[in-house]
Amino acid sequence: MILPDKRPVERDFANITDYSLECPDGARKFFAFIHFTDDSTCLWSNIFTFNRSFALMLVIEKFGDCHEYISSINIHEQE
Numbered sequence: 176m177i178l179p180d181k182r183p184v185e186r187d188f189a190n191i192t193d194y195s196l197e198c199p200d201g202a203r204k205f206f207a208f209i210h211f212t213d214d215s216t217c218l219w220s221n222i223f224t225f226n227r228s229f230a231l232m233l234v235i236e237k238f239g240d241c242h243e244y245i246s247s248i249n250i251h252e253q254e
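Under our numbering, the first residue of the sequence shown carries the number 176, and numbering increases by one thereafter.
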């Protein structure tokens, strides 16, 4: 049986998370996968904000210099 490997190749994956940050009281915790046109992926977690729309705005602001190379942004809420 052949199963697809959905995990990104390590050389095509970057994690820019600062794990020393703590979630402020009342805020929600999000993480985002940013996929680029060269099939590479970047993970940014510990995004602390009050709603998903603002989390998306923070991701767009952070990656604004390379927006023409972004193919998709997936934002998820952490529990």
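No residue lacks a Cβ here, since even glycine has one placed at the ideal position from N, Cα and C. In this text the structure is predicted, and so the values were computed from the model without any measurement.
Asked                                                                                                            : Found
Going by DSSP in three states, Ala-207 sits in which element: helix, strand or coil?                             : strand
DSSP three-state label for Ala-230, please.                                                                      : helix
Can you tell me which residues form a DSSP beta bridge with His-251?                                             : Phe-206
For Ile-248 and Leu-233, I'd like the C-alpha separation in whole angstroms.                                     : 12 Å
Find the nearest neighbour of Ile-222 within the set His-251, Phe-205, Asn-190, judged by alpha-carbon distance. : Phe-205
Let me see if you follow: with CB-CB separation under 8 Å, is Phe-225 close to chain B or not?                   : Any reference to chain B falls outside this structure, which holds one protein chain only.
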